[in-house]
Amino acid sequence: IEDYFITWKEKFWPTVCDFFGIESTGEDVLMRQYRLLEQPDVGADRIYTGEVARLHSLQTQRPPFDAKNPFLAPIKVNRELHKAGDRSCMHVEFDIEGSKMRYEAGDHLAMYPVNDRDLVERLGKLCNADLETIFSLINTDTDSSKKHPFPCPTTYRTALTHYLEITALPRTHILKELAEYCTEEKDKEFLRFISSTAPEGKAKYQEWIQDSSRNVVHVLEDIPSCHPPIDHVCELLPRLQPRYYSISSSSKLHPTTVHVTAVL
1 IEDYFITWKE KFWPTVCDFF GIESTGEDVL MRQYRLLEQP DVGADRIYTG EVARLHSLQT
61 QRPPFDAKNP FLAPIKVNRE LHKAGDRSCM HVEFDIEGSK MRYEAGDHLA MYPVNDRDLV
121 ERLGKLCNAD LETIFSLINT DTDSSKKHPF PCPTTYRTAL THYLEITALP RTHILKELAE
181 YCTEEKDKEF LRFISSTAPE GKAKYQEWIQ DSSRNVVHVL EDIPSCHPPI DHVCELLPRL
241 QPRYYSISSS SKLHPTTVHV TAVL
């Protein structure tokens, strides 16, 4: 879908310029949607530490619980049922006693993942960033209802651990933005090439990104002349989404625990 949209967009603006008699430069201008505000003096009680929405919701749990106010359910059981090749089938039981939540077999349970600590550290070093820096990203459009891309203020470590999808394969628009931070022309041209809509560029993207399962950390490690600022990386990366699993237990038999059978 993204590929079709980019192809359409590249044809759209020249057509609009021709229609209105406007001369197009043919060059893309780097436009930031958010501006960086470092906040070293913000008190610890005002800093998000991984909460989905409400500040301190992880420390002071109170119902009703939902997607914006998740319940921190302790894991009671976590065992492997069987293993086939490099995949594993796990049985996990969550304790929901005291949450006042009810469920039925087949309902979905959302799990909020966190990124690997080593991967976060590597990304911070590649961007020459102090991960403990307290910051906010503020929408440059003052009329927008979305003021921040994720809960702010927070630290880069928290953002990369809890809020941003750093393991996903980077989309072509991200690679195109990263190209502008390459100091070596050959690296810049390569990222522009694999993010283009040319058939050869698409094929190279398939080979270099998708077939090799390269995430943004791998890309920056393999292109050492690319040094994007950490705040722009945080702006470009998509939000880390909850993972949904079907509940495999019955509340009639297990009213205070939720069971999930998942293949990893």
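Once you know that position 20 of the sequence shown is 20 in full-length UniProt numbering, the rest is easy, because the numbers rise by one and skip nothing.
Cβ atoms here follow ideal geometry from the backbone N, Cα and C, with glycine treated the same way.
Keep in mind that this is a model prediction, so the values were computed, not measured.
- Rounded to the nearest whole angstrom, the CA to CA distance from Arg122 to Leu137 is 22 Å.
- Within the same chain, Leu36 come within 6 Å of Asp231 by CB-CB distance, once the 5 residues on both sides are set aside.
- Going by DSSP, Val258 is part of no alpha helix (DSSP H) but of the beta strand (DSSP E) stretching over 257-263.
- Residue pairing from DSSP places Ser246 in a beta bridge opposite His108.
- Within the stretch 212-246, the runs of alpha helix (DSSP H) that reach at least 4 residues and sit entirely inside it are, in chain order, 216-222, 230-236.
- Cβ contact annotation for Gly85 (same chain, cutoff 6 Å, sequence separation greater than five): none.
- In chain order, Ser195 place their CB closer than 6 Å to the CB of Thr172, counting only its own chain and leaving out the 5 sequence neighbours on each side.
- Judged by DSSP secondary structure, Arg192 falls within the alpha helix (DSSP H) whose first and last residues are 185-194.
- Here the alpha carbons of Val42 and Ile134 stand approximately 8 Å from one another.
- Residue pairing for Val92: DSSP places it in a beta bridge opposite Asn78, Val260.
- It is roughly 9 Å from the alpha-carbon of Thr161 to the alpha-carbon of Leu119.
- Annotated three-state conformation of Phe135 is strand, per DSSP.
- DSSP links Arg35 through a beta bridge to Ile138.
- The beta-bridge partner set that DSSP reports for Lys83 consists of Ser88.
- Ser250 and Ser212 have their C-alpha atoms roughly 41 Å apart.
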